[in-house]
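**Q**
Number of protein chains: 2
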Amino acid sequence: MTEIAAALGVSSATVSNALSGKGRVSAELTAKIRQATVDLGYVPSQAARTLRTGRTGVIGLVLPDISNPLFPQIAQAIEQAAAAAGYGVLIADSRGEIAQQTAAIGRLIERGVDGIIIVPRRGSRVGEIGTPVAIIDSPSTPGNTVSSDHWDGGVQMGRHLAGLGHCKVLLIAQSSASNVQNDRIGGLKAGLGKNICHETLLVENLEAIKGAGCALGLAAKVADGFTAFAAVYDLLALRALTELQRDGTEVPRQASVSGFDDLVWSSVVTPPITTLRQDLATIAERAVEALSDAITDSETPFGGPAVAKQSVEGVAMTLVVRQSTGQAMEPVVVPVADTREDSR
Amino acid sequence: MTEIAAALGVSSATVSNALSGKGRVSAELTAKIRQATVDLGYVPSQAARTLRTGRTGVIGLVLPDISNPLFPQIAQAIEQAAAAAGYGVLIADSRGEIAQQTAAIGRLIERGVDGIIIVPRRGSRVGEIGTPVAIIDSPSTPGNTVSSDHWDGGVQMGRHLAGLGHCKVLLIAQSSASNVQNDRIGGLKAGLGKNICHETLLVENLEAIKGAGCALGLAAKVADGFTAFAAVYDLLALRALTELQRDGTEVPRQASVSGFDDLVWSSVVTPPITTLRQDLATIAERAVEALSDAITDSETPFGGPAVAKQSVEGVAMTLVVRQSTGQAMEPVVVPVADTREDSR
DNA sequence: TAGGTTTGATTAAACGATTAATCACCTTGG
DNA sequence: CCAAGGTGATTAATCGTTTAATCAAACCTA
């Protein structure tokens with residue numbers, strides 16, 4: 004910057020003013036400075052700016068449950084939104100452990116991030132950390148900043164399955180400690196309505212007994228009359244789909260399978276999985292915006308390290324209908340003396 | 004730091020020296036300073052340090068092909084290795100497009116990263132960018148810093164399948180422009196040996212004709228005598244597995260399926276997929292180490308913006324045998340007049 | 001004891017931007 | 001013709017750390 008100033012015979016303060024548009028600089032001089040900027044290939048020193056202003060222009064992204072296959076999409080969306088808002092994104096992984104999560108946050112703070120976006124590990128709460136924070140979890144989580152409307156997503160899927168004529172539906176979840184999963188399950192039940200019989204399978208419980216990666220025993224459920232299997236996320240849907248197929252159940256003719264999140268593979272398996280897609284771009288935008296506001300607030304005297312304010316409503320999810328769900332099989336007609344029940 | 008100096012009645016330079024261990028400071032004073040450090044909750048200002056030293060302690064991570072489901076694992080591994088080496092990790096996404104890749108790298112440089120780790124999009128080359136760079140691709144890529152020994156992985160899988168008695172194997176790849184995929188295919192062929200019949204299916208070509216997500220037509224291949232399907236990464240393996248199962252082929256009794264990378268879902272589908280796991284922790288460690296060296300070198304006069312030096316050999320992959328591969332089916336014996344061909 | 005070396009600490013100048021305070025000059029109204 | 005106000009630019013301090021240069025005192029050696 005000093006170089007530019009010297010080259011044009013002005014002071015460095017003028018250059019700074021011209022580029023930031025803050026002080027009073029004539030239009031022509033501003034233009035000349037702009038030109039010199041590109042001619043000399045000027046790149047502002049973030050470090051100096053940070054030292055002076057106290058802001059790094061970097062936000063941290065904490066994803067405790069990094070094995071979450073949704074990670075790429077979230078990271079991508081956040082990075083885009085942050086870049087658009089002029090922020091860089093520093094990642095922090097905590098390998099799932101709560102203690103490491105704290106350590107990861109500590110590393111971010113030492114690096115001087117202006118704020119942090121956290122996608123909490125299921126069931127964990129985020130304590131006060133002295134830095135602006137935005138949380139992406141579920142609308143029912145206290146302190147949640149923004150998230151998908153998981154409940155409504157469940158409702159959509161419930162209605163979809165109901166509309167296909169399914170009367171006995173198995174809801175498959177992993178853990179009862181997850182707000183997101185609970186929301187989805189709740190929505191599913193609401194969407195199915197009270198005339199449809201449903202049952203919930205908690206894989207967590209099953210695995211506690213039969214070991215991780217055990218069979219879900221879905222063939223038995225099919226024999227028991229279940230015609231639809233609504234999983235709470237695509238990984239479980241995939242598990243259900245492959246188990247059903249291996250055991251000779253035709254999907255979707257004999258059983259429908261659905262998931263949540265529209266992960267990469269959901270569209271390439273056979274049959275492709277009907278699922279709900281999150282609008283992560285919007286979520287990321289809102290999270291970054293809310294965090295940005297919180298950062299600004301926290302700088303006003305007595306604003307304090309604010310937590311980003313909550314969005315009132317969740318971001319809508321969109322139903323993606325593929326071939327893993329279909330019309331419910333005609334229930335096996337128990338031969339009763341009723342001739343009006345024709346073949347079909 | 005000034006505060007600490009004032010509190011102890013020494014100069015700030017002494018504090019700096021004591022903490023960095025560089026100058027000459029008496030042991031007792033150093034101890035007192037250390038104590039004051041924790042008492043006052045001193046956190047060094049990265050910004051000031053950066054301004055003075057020109058190093059940010061942050062490296063950039065560029066993953067152009069972010070849809071790559073291996074992303075979480077790579078990001079996690081790099082973050083861990085970087086944190087251990089005292090670096091932070093700034094991510095940059097480029098939505099696949101080459102132009103955006105350049106833009107993303109530009110953003111990183113503006114933020115002042117000390118170096119960049121790139122996992123290149125298949126088939127793309129990384130140009131000179133004036134900053135130390137480490138590349139993770141495949142041993143056969145020029146300029147590659149470190150990567151798995153994909154070829155050897157292929158060999159391992161090839162031998163595994165050969166050992167199970169498979170005589171007609173379909174190799175499934177996505178693109179012929181990927182060095183990684185080519186290495187794996189080459190290794191597979193070598194591992195199978197020349198007595199085993201194999202054929203390569205390029206999904207890219209198939210989709211150019213039949214559209215993305217089309218059926219691979221594996222049932223026909225099974226009818227044609229193929230008993231094993233070796234995909235070049237797990238997503239393709241999953242696609243193959245589900246297609247086979249949907250069409251009523253029993254895996255692994257009638258056909259074996261294998262993949263690469265051991266992605267999250269590979270172990271939970273039914274049957275779980277036999278695959279090769281990359282040692283990403285080691286790769287990340289070496290990449291960070293090499294990059295760190297390159298950063299140091301680039302600071303010596305005339306060291307220039309060095310590219311991290313290459314590791315001589317790739318990092319070994321480990322074969323994870325699960326239930327998707329099994330003994331080859333006895334080929335249907337064509338009834339010829341040869342009685343010595345006994346039943347078995 | 002003078003001269004040289006070692007030890008422990010200080011001084012002061014950077015690094016590159018931002019910004020409040022100041023200044024010189026010009027315009028304009030009374 | 002002078003005071004008031006506006007405009008365009010400069011001055012200089014500041015952010016917190018590192019580090020080369022310097023310095024004073026103590027220690028050693030001949």
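If you read the protein sequences in the order shown, they are chains A and B. Counting with the numbering used here, you get residues 4 to 347 for the letters of the first sequence. Counting with the numbering used here, you get residues 4 to 347 for the letters of the second sequence. Here a beta-carbon is modelled for each residue, glycine too, at the ideal position from N, C-alpha and C. Please read all numbers here as calculations on a predicted model, not as lab measurements.
Among B/C170, B/E207, B/G214, whose alpha-carbon lies nearest the alpha-carbon of B/G194?
**A** Out of B/C170, B/E207, B/G214, B/C170 has the C-alpha closest to the C-alpha of B/G194.
**Q** For the alpha helix (DSSP H) containing A/A258, list its first residue and its last residue.
**A** Run containing A/A258: none; DSSP gives neither H nor E here.
**Q** For B/A233, which residues does DSSP report across the bridge?
**A** In the DSSP output, where bridge partners are listed per residue, B/A233 has B/L174, B/S261.
**Q** Considering only residues of the same chain and omitting the five flanking positions on each side of B/G57, which have a CB-CB separation below 7 Å?
**A** Counting only Cβ-Cβ distances below 7 Å, and skipping sequence neighbours, we find nothing.
**Q** By the criterion of Cβ-Cβ separation under 9 Å, what are the contact partners of B/L241 in chain A?
**A** Residues of chain A passing the Cβ test: L241, T245, W268, V271, V272.
**Q** From the beta carbon of B/T342, is the nearest beta carbon of chain A less than 8 Å away?
**A** Note that B/T342 scores 45 on pLDDT, short of 50, meaning its location in the model is unreliable; the coordinates nonetheless yield the value given after this. Chain A, which has no Cβ nearer than 8 Å to the Cβ of B/T342, makes this no.
**Q** Taking the alpha carbon of A/L66 as the reference point, which residue from A/D186, A/E202, A/A106 has its own alpha carbon closest?
**A** Selected option, being the one with the closest Cα: A/A106.
**Q** Just to confirm, are A/L64 and A/I81 a CB contact at a threshold of 8 Å?
**A** Yes; because the gap between Cβ atoms is below 8 Å, this pair is in contact.
**Q** Give the straight-line distance between the Cα atoms of B/R347 and B/A331, rounded to the nearest whole angstrom.
**A** Its pLDDT being 47, under 50, B/R347 is placed unreliably in this model, and the value from its coordinates should be taken loosely. Near 13 Å, if we compare the C-alpha coordinates of B/A331 and B/R347.
**Q** Between A/N20 and B/S19, what straight-line distance do the alpha-carbon atoms span, to the nearest angstrom?
**A** Answer to the nearest angstrom: the Cα atoms are 34 Å apart.
**Q** Would you call B/T17 buried or exposed, if buried means 16 or more other Cβ atoms sit within 10 Å of its Cβ?
**A** Buried, because 16 or more other Cβ atoms sit within 10 Å of the Cβ of B/T17.
**Q** Which value, in whole angstroms, describes the spacing of the CA atoms of A/L247 and B/T273?
**A** So the alpha carbons of these two residues sit roughly 8 Å apart.
**Q** By the criterion of Cβ-Cβ separation under 7 Å, what are the contact partners of A/V373 in chain B?
**A** A question about residue 373 of chain A goes unanswered here, because the residues of chain A that appear run from 4 up to 347.
**Q** Apart from the five residues on each side of it in sequence, which residues of its chain come closer than 8 Å, Cβ to Cβ, to A/K312?
**A** So the qualifying residues of the chain are T148, A293, D296, A297.
**Q** In the DSSP assignment, find the beta strand (DSSP E) that holds B/L66 and state where it starts and stops.
**A** Where B/L66 is concerned, there is no enclosing beta strand (DSSP E), given that its DSSP letter is neither H nor E.
**Q** For the putative contact between B/L164 and B/T321, defined by C-beta atoms under 8 Å, what is the C-beta separation to the nearest angstrom?
**A** Contact doesn't hold; Cβ gap of about 16 Å is too wide.
**Q** Count the other C-beta atoms from every protein chain shown that fall within 10 angstroms of the C-beta of B/G228, then say buried if there are 16 or more, exposed otherwise.
**A** Exposed.
**Q** Let me know the secondary structure DSSP gives A/G12 once reduced to three states.
**A** Coil, per DSSP.
**Q** Assign A/S151 to one of three DSSP states: helix, strand, or coil.
**A** The answer is strand: DSSP assigns A/S151 an E or B state.
**Q** Measure how close the beta-carbons of A/A319 and A/D155 come, nearest whole angstrom, since I'm counting them as under 8 Å.
**A** With a Cβ gap of about 7 Å, A/A319 and A/D155 count as contacting.
**Q** Measure the alpha-carbon distance for A/S259 versus B/L283 and round it to whole angstroms.
**A** Using only the alpha carbons, I get a separation of about 37 Å.
**Q** Would A/T203 pass as an interface residue toward chain B - the criterion being a Cβ-Cβ separation below 8 Å?
**A** No, because no Cβ of chain B sits closer than 8 Å to the Cβ of A/T203.
**Q** Count the other CB atoms, across all protein chains shown, that sit within 10 Å of the CB of A/V158; report buried if there are 16 or more and exposed otherwise.
**A** A/V158 comes out buried.
**Q** Does the beta carbon of B/A110 sit closer than 8 Å to a beta carbon anywhere in chain A?
**A** The question names Ala, yet the displayed sequence has Arg at residue 110 of chain B. Chain A, which has a Cβ nearer than 8 Å to the Cβ of B/R110, makes this yes.
**Q** Could you give the distance in angstroms between the alpha-carbon of B/S15 and the alpha-carbon of B/Q38?
**A** Each residue's alpha carbon lies about 15 Å from the other.
**Q** Thinking C-alpha only, which one of A/F74, A/S269, A/V116, A/I286 is nearest B/R242?
**A** The candidate whose alpha carbon is nearest that of B/R242 is A/S269.
**Q** Which residues mark the beginning and the end of the beta strand (DSSP E) in which A/L93 is found?
**A** It spans 91-95 - the beta strand (DSSP E) in which A/L93 sits, taken as one unbroken run.
**Q** Where does A/K224 land, buried or exposed, given buried means 16+ other C-beta within 10 angstroms?
**A** Answer is buried; the Cβ neighbour count reaches 16.
**Q** Using the Cα positions of B/P338 and B/E202, report the straight-line distance between them to the nearest angstrom.
**A** Any reading at B/P338 needs caution, since the residue's pLDDT is 49, under 50, leaving its predicted position unreliable; the model's value is listed next. Approximately 26 Å, taken between the alpha carbons.
**Q** Please classify A/D96 as buried or exposed, where buried requires at least 16 other C-beta atoms within 10 Å of its C-beta.
**A** By the 10 Å Cβ count, A/D96 comes out buried.
**Q** Tell me, to the nearest whole angstrom, how far the beta carbon of B/V206 is from that of B/A176; I am working on the premise that it is less than 8 Å.
**A** With 8 Å as the limit, B/V206 and B/A176 qualify as a contact, their Cβ atoms being about 7 Å apart.
**Q** Could you tell me the distance, in whole angstroms, from the CA atom of B/Y236 to the CA atom of B/G262?
**A** Between B/Y236 and B/G262, the C-alpha separation is close to 5 Å.
**Q** Using three-state DSSP, classify B/T203 as helix, strand or coil.
**A** B/T203 falls in the strand class under three-state DSSP.
**Q** Would DSSP call A/S43 helix, strand or coil?
**A** One detail in the question is off: residue 43 of chain A reads as Leu in this sequence, not Ser. It is coil, neither helix nor strand.
**Q** Measuring straight from C-alpha to C-alpha, what distance separates B/G287 and B/A88?
**A** Before going on, a small fix: residue 287 of chain B reads as Ala here, not Gly. Spanning the two alpha carbons is a distance of roughly 11 Å.
**Q** Which residues does DSSP pair with A/R280 in a beta bridge?
**A** In DSSP, A/R280 forms a bridge with A/T321.
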